[in-house]
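Novice: One structure follows; several queries about it will come next.
2 protein chains.
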Amino acid sequence: MSGNRTAALAYAQNHQERFLEELKALIKIPSVSTQPQFAAQMNAAAAWVAEQLRALGMSQVAICPTERHPVVCGEYRCPDSHAPTLLVYGHYDVQPPDPLELWQSPPFEPTVNGDYLYGRGASDMKGQLLAGLKAIESILKTDRLNVNLRFLVEGEEEIGSPSLQKFISENRERLQADVALNLDSGILAPHVPAITISLRGLAYFELRVYGAASDLHSGTFGGVVHNPAQVLCELIAAMHDAQGRVTLPGFYNRVRPLSEAERAEIARLPLDEAYFLQVTGAPALFGEEGYTPAERVGARPTLEVNGLYSGYIGEGSKTVLPAYAMAKISCRLVPDQDPADVYLQLLDYLQTHAPRTVRWELIQHAGSPPAMIEPDRPEVIALSQAMEQVWGKKPAFKREGGSIPVVAQLQQLLGMPTILSGFGLPDDNLHAPNERLHLPTWRRGIETLIHFFYNLAA
Amino acid sequence: MSGNRTAALAYAQNHQERFLEELKALIKIPSVSTQPQFAAQMNAAAAWVAEQLRALGMSQVAICPTERHPVVCGEYRCPDSHAPTLLVYGHYDVQPPDPLELWQSPPFEPTVNGDYLYGRGASDMKGQLLAGLKAIESILKTDRLNVNLRFLVEGEEEIGSPSLQKFISENRERLQADVALNLDSGILAPHVPAITISLRGLAYFELRVYGAASDLHSGTFGGVVHNPAQVLCELIAAMHDAQGRVTLPGFYNRVRPLSEAERAEIARLPLDEAYFLQVTGAPALFGEEGYTPAERVGARPTLEVNGLYSGYIGEGSKTVLPAYAMAKISCRLVPDQDPADVYLQLLDYLQTHAPRTVRWELIQHAGSPPAMIEPDRPEVIALSQAMEQVWGKKPAFKREGGSIPVVAQLQQLLGMPTILSGFGLPDDNLHAPNERLHLPTWRRGIETLIHFFYNLAA
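Spelled out as structure tokens, the structure:
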């Protein structure tokens with residue numbers, strides 16, 4: 000470890016009380032993005048972030064208005080023209096604190112209790128954002144930072160980032176970087192560091208099946224026409240084979256096979272059958288044969304029914320033979336599947352399998368492609384080594400089952416991969432009462448990020 | 000034809016204007032059973048029917064209160080101790096007239112236009128009830144009637160006969176008869192007389208499938224647990240085979256096979272593919288292989304999905320992996336199937352086919368057994384001959400796909416079969432604006448019933 004790195008780590012160590020006070024100050028601003036009455040506080044939080052960036056010596060700091068909440072930008076250009084460029088992503092908004100009565104301390108009065116700081120946004124993600132800024136401060140106050148930085152700190156993450164696509168499209172120059180660092184995630188346990196290397200994509204559809212011109216009496220007409228609810232069930236039933244595989248033609252063509260090394264990596268995660276049984280409460284697990292539950296969630300695509308409707312669904316009975324049946328169906332996609340391909344595959348499936356006794360239509364809702372960062376990229380190696388330097392062990396490489404809009408948008412619009420990490424923990428009570436931040440892990444996070452910047456610049 | 004029969008027919012002929020005036024008087028009473036504001040008119044209609052029975056010389060005439068609308072009873076005992084006994088069923092209530100603005104003449108101001116009498120209840124079934132009473136009058140005024148009669152005229156048929164089961168149970172003695180005559184049906188066309196010899200029964204279920212303990216995020220958990228909506232679809236899909244037959248074990252065991260004679264009888268009905276395509280508006284017909292559409296509706300059992308629900312069914316998309324899925328499923332049954340058997344068959348099917356990855360429950364809603372009258376019973380032959388005497392051709396023997404509560408209840412509670420007939424026509428606008436009665440057919444109906452009573456007594 001170089002002498003400078005040691006100075007930066009010492010600075011972080013020496014200023015940890017102030018860092019915590021600054022985090023408390025940010026948590027005190029109730030920046031609830033979804034409720035209009037917090038508009039002034041949203042602006043105050045954006046101004047607070049912008050002021051932090053200015054205090055760090057960032058240039059081009061700007062609070063950029065959007066249709067709802069502003070985006071805070073800024074940049075740092077280092078003298079070395081060969082230095083890598085990192086886009087630091089964050090969000091300053093938080094979830095609503097309701098139900099208030101379940102909080103043991105007020106959500107916007109940050110309170111330390113033992114190893115934890117309690118407060119809305121402590122973990123998601125004001126704490127994570129500050130970890131990044133305080134790592135940068137620790138280096139800049141003691142040394143030079145040999146990495147170019149750009150900042151994208153939004154205020155709409157908790158409401159689905161509705162303004163972000165437009166903002167990214169209109170600010171391509173200002174955001175250009177080699178890779179994005181998104182700390183809006185976490186590690187698996189205080190002793191299990193992790194980096195998320197892939198997110199699944201989404202293709203979402205609505206399948207509508209029409210039979211008779213209007214609902215019929217099931218006595219007078221039952222046996223004469225094809226019941227669209229039955230047809231819908233038959234179509235859905237045949238979308239999986241007996242091995243739990245999706246039968247849409249070509250569905251797996253572009254799915255990257257898991258290497259033995261990747262399977263070994265996934266097997267290290269504490270996501271075994273007992274874990275999934277416990278968190279889901281299902282009577283038994285189920286999924287594609289030949290893959291573990293963690294592999295199925297992280298690295299295999301799915302097709303799920305999200306909704307079903309037909310006929311009479313109230314109390315008791317009604318002897319209707321429905322004219323119409325509908326299913327919401329979505330696929331979670333893995334690299335290198337494309338939502339547009341999946342639409343055509345489902346269309347192909349329906350054209351082949353739907354009987355002529357009904358009419359049908361397939362509606363496409365918004366989706367997103369899967370996202371993945373190659374684990375052998377230098378930025379991922381730099382973070383992995385940093386974690387090893389702090390924790391004394393290599394991080395787990397996680398594959399997340401869900402999608403994150405900003406990750407998909409940076410990939411799609413700027414071709415920019417994202418390193419997704421952070422120092423939250425599974426029991427941080429995200430989006431729930433008594434959200435908290437594990438302070439020892441947070442401090443390790445700041446140290447990790449100091450190492451990361453040094454490793455990246457090396 | 001005997002001389003007396005001729006006198007009765009002449010009486011009917013001579014009094015047809017008065018008969019029509021009496022029918023108009025009854026239609027003028029707006030006896031809408033479903034709307035509480037017509038309570039007084041319901042009592043007035045019951046009193047009108049009771050007065051008719053008294054005027055005919057019936058004994059034991061009584062207006063019997065029920066929880067909602069009264070039942071009118073009465074009887075006629077003929078001197079011949081070997082005479083058959085007939086229970087004449089009717090209902091004096093009508094459907095609401097809404098939408099009023101679509102009526103070309105006021106619904107409760109009966110209006111003759113050409114061959115038709117317009118008014119609510121003209122065909123369903125005040126006209127049919129009066130046809131029966133006027134045939135009896137025509138005989139009693141000119142001759143002796145050699146048939147014992149009992150009357151059961153309810154006021155709740157249009158609301159599903161909720162008080163009838165209790166009433167029948169508590170009045171077994173008063174209602175005892177060899178067979179019931181229910182004129183609340185119709186013929187197929189002015190030149191095609193018909194008798195309905197069977198009704199399908201109903202077994203109605205609700206199948207609930209449970210997966211995870213609560214709705215899950217389809218990204219985080221998709222691929223790990225069995226989606227109950229998918230399981231439900233698979234269970235429903237496998238309830239039919241490729242030939243459109245129901246796969247519940249033993250489902251067809253008690254189904255009476257159709258004889259060649261019965262098939263020939265059904266083939267006479269004007270219920271071909273073109274007819275069903277036209278009335279349903281379906282793109283194509285569908286059903287059990289090896290049977291015509293009319294056979295499938297009248298003489299074959301079915302299993303239909305009446306309702307489907309799971310997860311998110313609103314606008315747009317929600318990436319939920321539902322914890323619960325539900326289907327309403329019902330079977331139409333034919334002689335000699337039993338709803339209780341079908342419940343056990345469905346239970347057996349589910350125990351065999353439902354995977355262990357979900358929990359499920361099967362709820363049984365009210366059903367009814369199928370009803371059939373043997374076409375070679377003397378009462379059916381008497382009516383069939385009467386139709387041939389009036390129309391010059393044998394009636395069609397129809398099998399109806401639906402169920403009628405009173406027919407099932409008389410069968411179940413008193414073991415009494417019902418001759419279901421009447422002189423309505425398919426285009427009488429039942430339950431719709433401009434309900435009407437085809438007067439030439441109605442007059443033929445009165446003549447037919449006069450013949451029927453004579454044939455029955457012979």
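First to last, the sequence lines map onto chains A and B. Just so you know, we're using numbering that gives the first Met the number 0 here: the first sequence kicks off at 0 and counts up by one. Just so you know, we're using numbering that gives the first Met the number 0 here: the second sequence kicks off at 0 and counts up by one. Note that CB positions come from ideal geometry on N, CA and C, so glycine has one too. Owing to the predicted nature of the structure, the values given are computational and were not obtained by experimental measurement.
(1) Could you tell me which chain B residues have their CB closer than 8 Å to the CB of A/K327, listed as they occur along the chain?
(2) Chain B beta carbons: is any one of them nearer than 9 Å to that of A/F250?
(3) If you follow the beta strand (DSSP E) that A/E399 is part of, which residue opens it and which one closes it?
(4) If we ignore side chains and look at the alpha-carbon of each, how far apart do A/Q336 and A/A365 end up?
(5) Using beta-carbon positions only, say whether A/A370 and A/I403 come within less than 9 Å of one another.
(6) CA-CA distance, B/L231 and A/L276?
(7) Residue range of the alpha helix (DSSP H) that A/I26 falls in?
(8) Assign B/T279 to one of three DSSP states: helix, strand, or coil.
(9) Quick one: list the residues of chain A neighbouring B/N226, beta-carbon separation under 7 Å, in chain order.
(10) Can you name the start and end residues of the alpha helix (DSSP H) that B/A353 belongs to?
(11) Please classify A/I380: is it buried, with 16 or more other beta-carbons within 10 angstroms of its beta-carbon, or exposed?
(12) Determine which residues share a DSSP beta bridge with B/E153 and list them.
(13) Cβ of B/G289 less than 9 Å from any chain A Cβ?
(14) How do the region 345–356 of chain B and the region 375–394 of chain B stand: do at least 3 beta-carbon pairs fall below 8 Å, yes or no?
(15) Excluding the five sequence neighbours on either side, which residues of its own chain have a C-beta within less than 7 Å of the C-beta of B/M415, listed in chain order?
(16) Using a Cβ-Cβ cut-off of less than 9 Å, give me the residues of the region 208–220 of chain B that come near chain A, in sequence order.
(17) According to DSSP, is A/L461 part of a helix, a strand, or is it coil?
(18) Relative to the alpha-carbon of B/P69, which residue among B/E20, B/H81, B/W47, B/P78 has its alpha-carbon at the smallest distance?
(19) Establish whether the CB of A/S184 and some CB of chain B are separated by less than 9 Å.
(20) Which value, in whole angstroms, describes the spacing of the CA atoms of A/R355 and B/E314?
(21) List the residues of chain A whose Cβ lies closer than 7 Å to the Cβ of B/H463, in chain order.
(22) Quick one: list the residues of chain B neighbouring A/I449, beta-carbon separation under 8 Å, in chain order.
(23) Below 8 Å, is the gap between the Cβ of A/A365 and the nearest heavy atom of the ligand GDP?
(24) Measuring straight from C-alpha to C-alpha, what distance separates B/V254 and B/K133?
(25) Would you decide whether A/G221 is buried or exposed? Buried here means 16 or more other CB atoms lie within 10 Å of its CB.
(26) In chain B, which residues lie less than 7 Å from A/E233 when you measure between Cβ atoms?
(27) Drop a sphere of 10 angstroms on the beta-carbon of B/T318, count the other beta-carbons inside from all chains shown, and report buried for 16 or more, exposed for fewer.
(28) With the cut-off set at 9 Å, would you say A/V224 and A/L320 are in Cβ contact?
(29) Helix, strand or coil, according to DSSP, for A/F37 in the structure here?
(30) Nearest to A/E20 by alpha carbon, out of A/G118, A/E272, A/I135?
(31) Give the single residue among A/I167, A/F285, A/P338 whose Cα lies nearest to the Cα of A/Q242.
(32) Below 7 Å CB to CB, which residues in the same chain sit around B/A228 once its five sequence neighbours on both sides are set aside?
(33) In this structure, does DSSP put B/M461 in helix, strand or coil?
(34) Looking only at its chain, what residues have a beta carbon closer than 8 Å to the beta carbon of A/R76, apart from the 5 residues adjacent to it on each side?
(35) Check each candidate in A/I235, A/S197, A/A298, A/A456 and name the one with the smallest Cα separation from A/I372.
(36) Count the other CB atoms, across all protein chains shown, that sit within 10 Å of the CB of B/H450; report buried if there are 16 or more and exposed otherwise.
Specialist: So, to answer that:
(1) G310, Y311, I312, S316, K317
(2) no
(3) 395–399
(4) The straight-line gap from Cα to Cα measures roughly 15 Å.
(5) Closer than 9 Å, so yes.
(6) 21 Å
(7) 15–26
(8) helix
(9) E303, V304
(10) It is not in any alpha helix (DSSP H) - B/A353 carries neither H nor E in the DSSP assignment.
(11) exposed
(12) B/H90
(13) no
(14) Too few Cβ pairs lie closer than 8 Å, so no.
(15) L86, A176, V178, A179, L409
(16) Y209, G210, A211, A212, S213, L215, H216, S217, G218, T219, F220
(17) The structure shown does not extend to residue 461 of chain A, since chain A spans only 0 to 457, so no value can be given for it.
(18) B/W47
(19) no
(20) Rounded to whole angstroms, A/R355 to B/E314 spans 27 Å at the Cα level.
(21) What is shown of chain B runs 0 to 457, which leaves residue 463 of chain B out entirely.
(22) The premise fails here: A/I449 is roughly 31 Å from chain B at the closest Cβ pair, so nothing lies under 8 Å.
(23) Within the structure as shown, the ligand GDP is missing, as the structure has no ligands at all.
(24) Near 39 Å, if we compare the C-alpha coordinates of B/K133 and B/V254.
(25) Answer is buried; the Cβ neighbour count reaches 16.
(26) Neighbours of A/E233 on chain B, chain order: A236.
(27) buried
(28) yes
(29) The three-state reading of DSSP puts A/F37 in helix, counting H, G and I together.
(30) A/G118
(31) A/F285
(32) S309, G310, P321, A324
(33) The displayed coordinates of chain B run from 0 to 457. Any statement about residue 461 of chain B would go beyond what the structure contains.
(34) S58, N147
(35) A/S197
(36) buried
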